[in-house]
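Below is one structure, written out as structure tokens, with a few remarks after it.
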Amino acid sequence: MSETEIQRTLAIIKPDAIAKGVLGQIITRIEQAGLRILAAKLIHLSREQAAGFYIVHKDRPFYQSLCAFMTQGPCIPMVLEGERCIQRWRDLMGATDPAKAEPGTIRREFASSIEANAVHGSDSVASAAFEIPYFFGTLEIYPGR
Ligand code: ADP
Ligand code: MG
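What follows is the structure in structure tokens.
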């Protein structure tokens, strides 16, 4: 995939950010960055749904705790689209650990901890290809262009 190719990514506004009331501020950053929102919904994940989404982390020590955190309240998965969207959304998010995230990033501003870190973003074209259809069917994604 070329550098300027239009990509899609799976973003999630995590339960901690919704509980804190910073959903609007996060969506504003998406809009200001010029990333297009093609799909979004509010969903309270079951433990099984969270575990399936994070299956890539099943052997990590934080897996059970992460799955519990993701079921604490509703989250908002979204499909974002734009040029180099995967990396641009990761840049807006900041590092996984908010203490290490650049000033001005979403995680630096809004995350509570390395676990409760406000947002998710696909880390590659391959992970987006797994994560987008995990939450959205073809008919739920605005065709855009
Ligand atoms: P990212 O979300 O930045 O891609 P990872 O894919 O490594 O980070 O981890 C997935 C999620 O698991 C993180 O966003 C965070 O919620 C949680 N997590 C990652 N590392 C830890 C950790 N050391 N302790 C607790 N939770 C963690
Ligand atoms: Mg990741």
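Just so you know, we're using the numbering used here here: the sequence shown kicks off at 3 and counts up by one. Beta carbons are placed, not taken as given, at the ideal position from N, Cα and C, and that holds for glycine.
Using DSSP with H/G/I as helix, E/B as strand and the rest coil, what is residue i?
| i | result |
| --- | --- |
| GLN74 | coil |
| ALA42 | strand |
| GLU111 | helix |
| LEU82 | strand |
| ILE143 | coil |
| ASP99 | coil |
| ILE116 | coil |
| ASP61 | coil |
| LEU68 | helix |
Which residues mark the beginning and the end of the alpha helix (DSSP H) in which residue i is found?
| i | result |
| --- | --- |
| VAL121 | No alpha helix (DSSP H) holds VAL121; the beta strand (DSSP E) holding it covers 121-123. |
| LEU94 | 87-95 |
| ILE28 | 25-34 |
| TYR136 | 127-137 |
| ALA53 | 49-55 |
With a threshold of 16 other CB atoms inside 10 Å of the CB of residue i, please say whether the residue is buried or exposed.
| i | result |
| --- | --- |
| GLN34 | exposed |
| THR11 | buried |
| ILE8 | exposed |
| HIS59 | exposed |
| HIS122 | buried |
| LEU44 | exposed |
| GLY146 | exposed |
| ALA2 | A question about residue 2 goes unanswered here, because the residues of the chain that appear run from 3 up to 147. |
| SER115 | exposed |
| ALA19 | buried |
| LEU94 | buried |
| LEU141 | exposed |
| GLU133 | buried |
| ALA13 | buried |
At which residues does the beta strand (DSSP E) containing residue i begin and terminate?
| i | result |
| --- | --- |
| ALA13 | 8-15 |
Would you please state the rounded distance, in angstroms, between the beta carbons of residue i and residue j? I believe it to be under 8 Å.
| i | j | result |
| --- | --- | --- |
| PHE64 | GLU104 | Contact flag wrong, Cβ pair sits at about 23 Å. |
| MET72 | LYS16 | 7 Å |
| LEU82 | ILE32 | 7 Å |
| GLY84 | ARG90 | 7 Å |
Next on the checklist: With three or more beta-carbon pairs closer than 8 Å as the criterion, would you say the region 51-67 touches the region 103-111?
Outcome noted: no
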